[in-house]
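Quick note on this note's numbering: the sequence shown kicks off at 149 and runs consecutively.
Below is one structure; the comments refer to it alone.
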Amino acid sequence: MTFDEEWGFATRAVRAGQQRTNEGEHSEAIFPTSSYVFRSAAEAAARFGGTEPGNIYSRFTNPTVRTFEQRLAALEGGQACVATASGMAAILATCLGLLKAGDHIVSSRAIFGTTTVFFTNYMARFGVETTFVSLSDTAAWAAAVRPNTRLFFLETPSNPLGEIGDIAALAEIAHAHGALLAVDNVYATPVMQRPLELGADIVIHSATKYIDGQGRALGGAVIGDAEKVGKDVFGVVRTAGPSMSPFNAWIFLKGLETLKLRMRAHCESALAMARWLETQPGVARVYYPGLESHPQHELAKRQLSGGFGGVLAFEVEGGREAAWRVIDNTRMMSITANLGDAKTTITHPATTTHGRLTPEQKADAGIAEGLIRVSVGLEDVADLQADLSRGLGA
Ligand SMILES: *Cc1c(COP(=O)(O)O)cnc(C)c1O
149 MTFDEEWGFA TRAVRAGQQR TNEGEHSEAI FPTSSYVFRS AAEAAARFGG TEPGNIYSRF
209 TNPTVRTFEQ RLAALEGGQA CVATASGMAA ILATCLGLLK AGDHIVSSRA IFGTTTVFFT
269 NYMARFGVET TFVSLSDTAA WAAAVRPNTR LFFLETPSNP LGEIGDIAAL AEIAHAHGAL
329 LAVDNVYATP VMQRPLELGA DIVIHSATKY IDGQGRALGG AVIGDAEKVG KDVFGVVRTA
389 GPSMSPFNAW IFLKGLETLK LRMRAHCESA LAMARWLETQ PGVARVYYPG LESHPQHELA
449 KRQLSGGFGG VLAFEVEGGR EAAWRVIDNT RMMSITANLG DAKTTITHPA TTTHGRLTPE
509 QKADAGIAEG LIRVSVGLED VADLQADLSR GLGA
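Right under this line is the structure:
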C-alpha cells in the first residue's frame, strides 16, 4: 500500500509512496544506483523475463523515482505515473506512446512555445499532423476533428493570458470521436485542478515549475491509467531513455510536501497584485482568471478550486518601450522566463517566450508589445508592488 484511499490531499502530498528501508529513515531515501543486484542467476533471468517483479536498471525503475511517481499519482487521482527528465520529455513520451504515423492532433494554440515547435517541427516529420485552435472556442475543437484525430492537447489556464479551456466539455468531444484528451497541468497543479476527475485521460507536468517550486531541477511526469500510461508511455521511457534522475525525484517529492501551502500563497499574492495593477496608471489591461473582469471568470471559478494560479500578465500603454522600462526599473524581481519559483520573475513575452511567432501569430495569440508577464513568487506583496511602481511611474 503506497497510500490510504481515505487520505486527503495534504496527507497524500506528505506521505504517499514512501517505503522506508530497514534503516528507519524518517525522510525519504535517495537511491543513486544505475543497476540492481540479483541474488542468483535464476532471479536475474526471472526479472528480465518479466515473470518476477523487481528492479533491474534505473532507466526502468528506481525507488526514489517510484516514490515521486506514486505520490504525484495519488495527488492527481491517476492509476499510474511515469516520471521523465523534463516536461518536454513527458510530452514526447506521451506522443510516442499513444500516437503513430498518420494520426492527427488537435491542440490549443495557447500552449508552451516549445510544445508548439515540437508538434510542428518534429511530430510532423514522423507523420503526425497538428491543427491549432482557440483554447476557449469549444466549437472550433469539434470542427477541427478528422477521422484520424487521436489526441486533444491543451493547457489551462494558459500562458501568459490566463485563458481557460473547459476540460469536461472538451473531454466529451474528444471521446465522442475516439480521441484522448491530454491536459498540461503545470499552471494549476493538482492543488487547484485535477483534470482526470473532469474527464481528461492524460495529465502532463513540467515538475521544473511549481512541483519543485524553487527553480533547482528539471523534470516532468505523465499521469493516467494503468494501460495508456503504466504500459504505453512507460514503455517509451524505459526504452528510449528520458528517465528522471533519482536526485531530481527526491527534490520533487519533497516539493510536493509543501505544494498546497505554496500554491495558496502564490494564488493569494497573484490576486492581490492583479487587483492592484488594475488601479495603476499606465496599465491598459490586466489578465488574471481570478479577476471579475476576466471574460472566463465564471468558468475559472467552476473548474479551479482554492485559487487561480500564480501567473498574471498586464499590458502597459506605450508598447515595447514602456514594457521594457517597467522591466528594467525593477531591482528585485528576476528577469527570467522561468515561472513557478519562490522568487518572482518578470518577462516580456513578445521578445522572449513568444519571440519566434510572426506578427500575425502574436496578434492572434494576444501577445501585444506592451504585455508583461509576472510569475508571482513568495515575497511580500508590498515589496513586489514597490518594485513595479518605479517603472510604471517612470
Ligand atoms: C515549462 C513548461 C513545459 C516544459 O517543461 P520543461 O521541464 O522545461 O521541459 C511544458 N509545459 C508548460 C506549461 C511549461 O510551463
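For every residue, glycine included, the Cβ atom is placed at its ideal position computed from N, Cα and C.
Closest by C-alpha distance to V377, out of D528, C243, R538, H323, is C243. Around the Cβ of D528, a 10 Å sphere holds fewer than 16 other Cβ atoms; the residue is exposed.
The criterion of a C-beta distance shorter than 8 Å is satisfied by G372 and G226.
At least one heavy atom of ligand 1 sits closer than 7 Å to the Cβ of E303. As a beta-bridge residue in DSSP terms, Y435 pairs with A461. The beta carbons of H502 and A513 sit closer together than 8 Å. If you check the C-beta of G165 against ligand 1, you find no heavy atom less than 7 Å away.
By the CB criterion at 8 Å, A327 and F300 fall inside the cutoff. Within 10 angstroms of the beta-carbon of V185 lie fewer than 16 other beta-carbons, which makes it exposed. Shortest gap from the CB of F260 to any heavy atom of ligand 1: under 7 Å. Taken in chain order, the complete alpha helix (DSSP H) segments of 4 or more residues contained in the stretch 221-277 are 235-246, 261-265. Counting only runs of 3+ residues, the beta strand (DSSP E) found wholly inside the stretch 359-429 occupies 368-372, in chain order. Residue environment for V265: exposed (fewer than 16 other C-beta atoms within 10 angstroms of its C-beta). In the displayed model, V331 falls within a strand according to three-state DSSP. Within 7 Å of the C-beta of L407 there is not a single heavy atom belonging to ligand 1. Per the coordinates, the alpha-carbon of S537 lies some 44 Å from the alpha-carbon of A292.
Its chain contains E517, G518 as the residues whose beta carbon lies nearer than 7 Å to that of G467, once the 5 sequence neighbours on both sides are disregarded; these appear in chain order.
By the criterion of a C-beta distance shorter than 6 Å, G454 is surrounded in its chain by M340, once the five residues flanking it on both sides are discounted. Judged by DSSP in its simplified three-state form, L309 adopts coil rather than helix or strand. In the same chain as H445, and ignoring 5 residues on each side of it, the C-beta atoms closer than 8 Å to its own belong to P437, G438, L439, in chain order.
By the neighbour-count definition (other C-beta atoms within 10 Å, threshold 16), F395 is an exposed residue. At a threshold of 7 Å, L366 counts as near ligand 1, since its beta carbon sits closer than that to one of the ligand's heavy atoms. Your pair V351 and E191 does not check out as a contact, with CB atoms roughly 35 Å apart and the cut at 8 Å. Only buried fits G367, as 16 or more other CB atoms lie within 10 angstroms of its CB. Looking at the DSSP output, T493 sits in a beta bridge with S482, S523. In the three-state scheme derived from DSSP, where H, G and I count as helix and E and B as strand, V185 is classed as coil. Under the three-state reduction of DSSP output, V281 falls in the strand class.
According to DSSP, residue pairing for T212 in a beta bridge does not occur.
Three or more Cβ pairs closer than 8 Å define a contact, and the stretch 399-418 falls short of that threshold against the stretch 234-242. In the DSSP annotation of this structure, F151 is not part of any beta strand (DSSP E), being labelled neither H nor E.
Spatial neighbours of A461 in its own chain (CB-CB distance under 8 Å, excluding positions within 5 residues in sequence) are listed in chain order as P308, L309, G310, V434, Y435, Y436, P497, L519, I520, R521, V522.
The Cβ neighbour count for K357, taken over all protein chains shown within 10 Å, is at least 16; the residue is labelled buried.
Taking the Cβ atoms as the reference, I494 lies roughly 15 Å from I515, outside the contact range of under 8 Å.
Set against 7 Å, the gap from the CB of K357 to the closest heavy atom of ligand 1 is smaller. L452 counts as buried, since no fewer than 16 other beta carbons sit within 10 angstroms of its beta carbon. Ranked by Cα distance from W424, the options P443, A348, D535, G361 are led by D535.
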